[in-house]
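Structure first, commentary second.
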């Protein structure tokens, strides 16, 4: 069954070379999402922060990230992507570079506000650019293929930077990475003439929409708060399980390769019904992995859980944001969903740090699993109530 209202073709759909710029913005925007555990571990080792202090540090970045995305979302239809990306990239470079030498905890928190704002602006650029494309889920999957290649390499190099320069080496590497990506962001257009578009209803009978904004945002909130609650402390838990910094770097690199394979599969599935039907099993499997990642029974169990959680993110998240992009081709709803992601993660990270002060994160694993199960239930409700899987997306 097809939709009763087809999405209108937007003026200025993203061109081939523009995706070079958007891919660069995506890598910069997610540099701390993927490589952040190295930074948290370096801070805890160098400045002797406890897990709660490290959690607050991460939360400052996440709140600024979310604030930037919420602030940009009303202007999504006419945003000049290149200009925003370049300004945001410079902000991140300055914040990461200064964090390499800052010793004051209050100063580090202030720099997280600057870094988070820049990262949020970059992620807004990625979501809005993807929403302007013809197949948002496929576009996001292709961009994430580039991201996995960049972060696989970074995961192998960053432990070497940490061994050579400690915290200075880690944050210097993170600043240099974004600096190298900045010139590529110029491939994005400065076009800002995308006309506002109303949400795209996709219905079975023409009487009600199969996508409800509150459902999509709620799924994103519960899934991200569940799957990422332990993430900032992954390197720390890995060390408890018996992994060295270098071994954790190899694990992260392998996880990125797994994410690459999932991205390729996701790009082939595109925005179809099969991909939607796989969402619930994928989220359910993530719920189980969250417990194994939080409780280091042994190295093998931790590594398996880490790999599953990380790789499935590259399937689940693009599909959720892809649904939001199809609902609102201006990218506003997708940007709000990503902002909600950072708010949800910011809410659970201090709790994770507090619960993990004794070095044990079992309670965090249980909370993570519960949130993921709620997300799976919401996706099921979305399908049962509105018949999404029976509709041509």
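Residue numbers (my numbering): 2 to 394.
Don't be surprised by glycine CBs; every beta carbon is placed ideally from N, CA and C.
Note that the structure is predicted; figures quoted are calculated from it, not measured.
- Under the three-state reduction of DSSP, residue 110 is assigned to helix.
- By the beta-carbon neighbour count (other beta carbons within 10 angstroms, threshold 16), residue 215 is exposed.
- DSSP, read as helix, strand or coil, puts residue 337 in helix.
- Collapsing the DSSP output to three states places residue 39 in a helix.
- In this structure, the alpha-carbon of residue 336 lies about 11 Å from that of residue 330.
- In the three-state DSSP reduction, residue 330 falls in the coil class, being neither helix nor strand.
- A Cβ-Cβ contact shorter than 7 Å links residue 149 with residue 261.
- Runs of the alpha helix (DSSP H) lying entirely within the segment 55-137 and spanning at least 4 residues, in chain order: 82-100 and 106-132.
- Contact between the segment 263-272 and the segment 173-187 is absent, with fewer than three C-beta pairs closer than 8 Å.
- Between the alpha carbons of residue 78 and residue 163 lies a gap of roughly 41 Å.
- Residue burial is scored here from C-beta neighbours: residue 225 has at least 16 other C-beta atoms within 10 angstroms and is therefore classed as buried.
- According to the DSSP assignment, residue 265 belongs to the alpha helix (DSSP H) that extends over 246-270.
- When the alpha-carbon of residue 319 is set against those of 72, 128 and 19, the nearest one is in 128.
- In the DSSP annotation of this structure, residue 187 is not part of any alpha helix (DSSP H), being labelled neither H nor E.
- Counting C-beta pairs with one atom in each stretch, the segment 84-95 and the segment 373-381 have fewer than three that are closer than 8 Å, which means they do not touch.
- In this structure residue 350 is buried. Its beta-carbon is surrounded by 16 or more other beta-carbon atoms within 10 angstroms.
- In the three-state reduction of the DSSP assignment, residue 216 falls in the helix class, which pools H, G and I.
- Each residue's CA atom was taken as its position, placing residue 93 and residue 229 some 22 Å apart.
- In the three-state DSSP reduction, residue 342 falls in the helix class (H, G or I).
- For residue 20, the enclosing alpha helix (DSSP H) begins and ends at 19-30.
- Residues of the same chain with a CB within less than 6 Å of the CB of residue 99, apart from the 5 flanking positions on each side, are 112 in chain order.
- If you check the CB distance, residue 29 and residue 41 do not come in under 7 Å.
- With a 10 Å radius around the Cβ and a threshold of 16 neighbouring Cβ atoms, residue 83 comes out buried.
- Counting other Cβ atoms within 10 Å of its Cβ, residue 67 reaches 16 or more and is therefore classed as buried.
- Here the segment 114-134 makes contact with the segment 68-77; the two share three or more CB pairs at distances below 8 Å.
- Annotation: the continuous alpha helix (DSSP H) that includes residue 280 extends over 280-295.
- Under the criterion of beta carbons closer than 8 Å, residue 377 and residue 231 do not qualify as touching, at roughly 18 Å.
- DSSP places residue 230 outside any alpha helix (DSSP H), giving it a letter other than H or E.
- When 96, 35 and 252 are compared, the shortest CA-CA separation from residue 151 is found for 35.
- Rounded to the nearest angstrom, the gap between the Cα atoms of residue 235 and residue 294 is 8 Å.
- Taking the C-beta atoms as reference points, residue 185 is found no nearer than 7 Å to residue 380.
- Residue state for residue 310 is assigned as helix, using DSSP reduced to three classes.
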